[in-house]
Amino acid sequence: MTIRIKEILENGKVGELISASGWIRTRRDSKTVTFIELNDGSCFKNLQVTLDASNHSEILSALGTGTSVTVMGNLVQSPAAGQAVELAGDTVKIIGSVESDYPLQKKRHSFEFLREIAHLRPRANTFGAVFRMRNILSFAVHEFFQSRGYVYLNSPIITTSDCEGAGEMFRVSCFDPEKIPRNDKNEIDWSRDFFGKAASLTVSGQLEAEIFATSLGNCYTFGPTFRAENSNTSRHLAEFWMIEPEIAFADLKEDMNVAEDFVRYLFKAALSRGGDDLDFFDDRIEKGLKANLERLADAPFERITYTDAMTELEKHADSFEFKPSWGIDLQSEHERFITEKIFNGPVFVTDYPKDIKAFYMRLNEDEKTVAAMDLLMPRVGEIIGGSQREERYNVLVDKIKTMGLNIEDYWWYLDLRKYGTIPHAGFGLGFERMVQFVTGMSNIRDVIPFPRAPKLADF
RNA sequence: GCCGGUUUAGCUCAGCAGGUAGAGCAAGCGGCUGUUAACCGCUAGGCCGUAGGUUCAAGUCCUACAACCGGCGCCA
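See the structure below:
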C-alpha cells in the first residue's frame with residue numbers, strides 16, 4: 249500500500265497514515281529533527297520526511313543520499329515554507345544502503361559526468377524530468393495519430409533494401425569475422441549469410457510505410473532508426489527514434505499541414521502535462537522556454553520556398569562563410585539565419601532543387617525542383633524532412649535511372665506505382681530533436697536514455 | 001572526418017615566468033539550528049588523460065595518441 253509520491257503531494261489528506269518508498273535525495277539534521285528529501289521518480293518534487301532524532305538515533309547515520317527506504321507515518325501540514333505537506337515518519341525501513349562512494353551527490357553535476365553513469369543519471373533531477381517529458385511526448389505522438397485514424401505500423405528494423413541512401417548503414421551479419429566467405433571474384437559472398445543477402449539496420453521506415461499508405465491508408469511508424477555516420481555533434485545519434493507518417497491521397501501542402509498540427513500538438517502536450525518538470529526546464533535549463541512554446545503552439549509556422557529563401561540569404565551574403573547560391577544545399581549557418589534571424593520560429597522550406605534531394609521526391613512542374621519540405625527550428629536545426637512522393641511510374645523510372653541507381657532493386661517500390669498508384673506524402677520527425685527543443689537540453693545525448701554515437705555504446 | 005578548446009582529489013575547478021600540488025562541494029568526525037543547494041570547525045583524500053621527448057628540474061615546454069566539449073560536414 250505504498251503510494252507514489254506524486255499522488256501523495258497532489259491528493260494526500262492531512263492526518264492520513266501513509267507509506268512512501270523511494271530514494272533519499274538529501275538529508276539535513278537539526279537538533280531534534282532529521283529531514284529527508286524522498287524521491288521515487290513519479291514527479292519532480294520530493295516528499296519531505298521528518299524523523300524525530302531521538303527515536304531513530306541508531307539508523308540516522310545510515311540515511312545518506314541514494315539510500316532506498318520505506319517510511320510510514322502520518323501526512324501532516326508543514327509548519328515551514330517550501331512544501332504544503334510532509335510525512336512525519338514513525339518507522340523507517342532501509343531497503344538498500346549506500347556506500348560512501350555513491351557517485352551522485354547533493355550538488356550539481358555536469359551532464360558530461362552524468363553521461364558516464366547513465367545507469368544512475370535518471371535519479372538526478374534533470375534526467376528524471378527529461379525522461380518523464382520524453383514519456384509524455386511519446387504518448388502524445390500516438391494520441392495525435394490514433395485520434396486521426398492513422399494506423400501504427402511496425403516497420404522492420406532489419407532490412408535488405410539498400411534503397412534510400414539516407415546514410416551509412418550498420419551491417420547485420422552472422423558471419424564469423426575471422427572467416428568471411430568469398431566467391432570466385434573474391435567478393436564477399438552474402439548469399440551464404442543468415443538472410444541470404446546483405447542486410448542492414450534500417451535508416452528509415454518510409455518505403456515500408458508507403459506500402460501501407462497505399463493499402464490501409466494513413467499510417468505512421470515510430471521506432472528506432474540507425475545511421476552509421478561518423479557524426480560528432482550535439483544533434484546526431486547513431487541510434488535514434490523517428491516518427492514517419494505517410495499520408496494517402498495527399499500533396500505537399502497537406503503534408504505540411506499535418507506536420508504543423510503534429511508539432512504544435514506536441515508543444516501543447518508538453519505545456520499542459522509538463523507540470524513541475526517543464527517549470528524546471530524553464531527555470532534552470534533555458535530561460536523563456538515556456539513562453540516560447542506557448543507562442544509557437546498558437547502561431548502558424550512560416551513557409552518559404554527554397555528559391556525565395558536563397559534570394560533572402562543572398563541579400564546577406566557577406567555574413568556567411570559559405571556564399572548562398574541557387575543549387576547548393578542549405579548550410580547550417582543558412583538554416584540558422586532563416587529560422588533564428590528572419591523568422592524567429594519554425595519555418596518550412598519547400599521545393600528544393602531536384603539534384604540535392606532523394607530520388608523518390610515528386611518532380612515539380614518546373615522540372616527543376618521537387619516537392620520537398622524541411623521544417624527548421626531554432627537551435628536544433630532540421631527537425632523534419634518530408635516530401636510528396638513521386639507517384640508517376642515513368643517519371644520515377646527515369647529518376648532512378650538518371651541517378652544511377654539499380655532499377656531492379658526497386659521492383660516492389662515501382663509496383664506501388666504500377667498498380668493503382670495514388671498521390672501520397674509523408675515526413676520523418678527526429679524524436680530526440682523534438683525532446684531537445686521542448687526541454688531546452690542542448691546535447692541530444694542527454695535526451696535519450698542510453699545514447700549510441702561514435703565510440704559510445706555503454707550500458 | 002575537419003577546425004578549435006579541454007583533460008589536476010569522488011565532483012567542479014585554480015595552479016602566475018618550468019623548482020616535486022591548492023580551493024569549494026562531496027565523504028568521515030564534532031558543533032549549531034524546523035531544515036530545505038542549510039551553516040561553522042576539524043580530518044582524510046592526488047603516479048596532475050596515456051606514451052615518448054627537451055631540461056639539473058615538467059602539472060607547467062614539445063610530439064604522438066585517446067577521450068570529452070564547442071563549431072563544421074553528413075542528416076532526423
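So this note's numbering is basically just the index in the first sequence, starting at one, shifted up by 248. Note that the Cβ used here is the ideal one computed from N, Cα and C, for glycine as well.
{"Item": "I'd like to know whether the C-beta atoms of residue 678 and residue 488 end up nearer to each other than 8 angstroms.", "Value": "yes"}
{"Item": "Exposed or buried, which one is residue 403 when buried takes at least 16 other CB atoms within 10 Å?", "Value": "buried"}
{"Item": "Assuming residue 292 and residue 528 form a contact by the criterion Cβ under 8 angstroms, report the distance between their Cβ atoms to the nearest whole angstrom.", "Value": "6 angstroms"}
{"Item": "Could you round the C-beta distance between residue 777 and residue 522 to whole angstroms and report it? I think they count as a contact, below 8 angstroms.", "Value": "Residue 777 is absent from the structure shown; the chain starts at 249 and stops at 707."}
{"Item": "Closer than 7 angstroms: is that where the CB of residue 633 sits relative to any heavy atom of the ligand SAM?", "Value": "This structure simply doesn't include the ligand SAM, nor any ligand for that matter."}
{"Item": "Please name the residue, chosen from 440, 257, 587, that lies closest to residue 332 on a Cα-to-Cα basis.", "Value": "257"}
{"Item": "Here's the rule: buried if 16 or more other CB atoms are within 10 angstroms of the residue's CB, otherwise exposed. What is residue 325?", "Value": "exposed"}
{"Item": "Whole angstroms are fine: how far does the CA of residue 538 sit from the CA of residue 277?", "Value": "36 angstroms"}
{"Item": "Alpha carbon to alpha carbon, what distance is there between residue 682 and residue 496?", "Value": "25 angstroms"}
{"Item": "Please report the residue range of the beta strand (DSSP E) in which residue 266 lies.", "Value": "265-277"}
{"Item": "Under the three-state reduction of DSSP, which class applies to residue 325: helix, strand or coil?", "Value": "strand"}
{"Item": "Are residue 525 and residue 651 close, meaning C-beta to C-beta below 8 angstroms?", "Value": "no"}
{"Item": "Between which residues of its own chain and residue 299 is the CB-CB distance below 6 angstroms, once the five residues before and five after are set aside?", "Value": "282, 337"}
{"Item": "Is the beta carbon of residue 328 less than 8 angstroms from the beta carbon of residue 295?", "Value": "no"}
{"Item": "Rank 311, 312, 642, 349 by C-alpha distance to the C-alpha of residue 666 and give the top, closest one.", "Value": "642"}
{"Item": "Going by DSSP in three states, residue 577 sits in which element: helix, strand or coil?", "Value": "coil"}
{"Item": "Note the first and the last residue of the continuous beta strand (DSSP E) segment covering residue 281.", "Value": "281-287"}
{"Item": "Identify, in the order they occur along the chain, each residue of the same chain with its Cβ nearer than 8 angstroms to the Cβ of residue 213, setting aside the five sequence neighbours on each side.", "Value": "Residue numbering for the chain in the displayed model covers 249 to 707; residue 213 lies beyond these limits and cannot be assessed."}
{"Item": "Flag this pair as yes or no: are the beta carbons of residue 599 and residue 620 separated by less than 8 angstroms?", "Value": "yes"}
{"Item": "Rounded to the nearest angstrom, what separates residue 508 and residue 550 at their Cα positions?", "Value": "10 angstroms"}
{"Item": "Let me check one thing: in DSSP terms, what residues is residue 632 bridge-paired to?", "Value": "623, 677"}
{"Item": "At which residues does the beta strand (DSSP E) containing residue 471 begin and terminate?", "Value": "467-474"}
{"Item": "Within the chosen definition, does the region 439-458 reach the region 466-480 through at least 3 CB pairs nearer than 8 angstroms?", "Value": "yes"}
{"Item": "Please work out which residues of its chain come closer than 7 angstroms, Cβ to Cβ, to residue 687, disregarding the five sequence neighbours upstream and downstream, and give them in chain order.", "Value": "378, 381, 529, 533, 695"}
{"Item": "What residue from 706, 692, 658 has the CA that sits closest to residue 456's CA?", "Value": "658"}
{"Item": "In angstroms, rounded to a whole number, what distance separates the CA positions of residue 684 and residue 693?", "Value": "10 angstroms"}
{"Item": "Residues in the same chain with beta-carbon distance under 8 angstroms from residue 367, minus the five sequence neighbours each way, listed in chain order, please.", "Value": "707"}
{"Item": "Per DSSP, what are the beta-bridge partners of residue 335 in this structure?", "Value": "297, 323"}
{"Item": "Pop quiz: residue 430 and residue 437 are said to be a contact at Cβ under 8 angstroms. What is the actual Cβ separation, rounded to whole angstroms?", "Value": "6 angstroms"}
{"Item": "Since residue 352 and residue 314 should fall inside the 8 angstroms C-beta cutoff, what is the C-beta to C-beta distance between them, to a whole number of angstroms?", "Value": "6 angstroms"}
{"Item": "How about residue 705 and residue 517: do their beta carbons lie closer than 8 angstroms?", "Value": "no"}
{"Item": "Tell me residue 651's beta-bridge partners as DSSP assigns them.", "Value": "According to DSSP, residue 651 bridges with nothing at all."}
{"Item": "Quick check: the Cα distance between residue 467 and residue 653, rounded to an integer number of angstroms?", "Value": "27 angstroms"}
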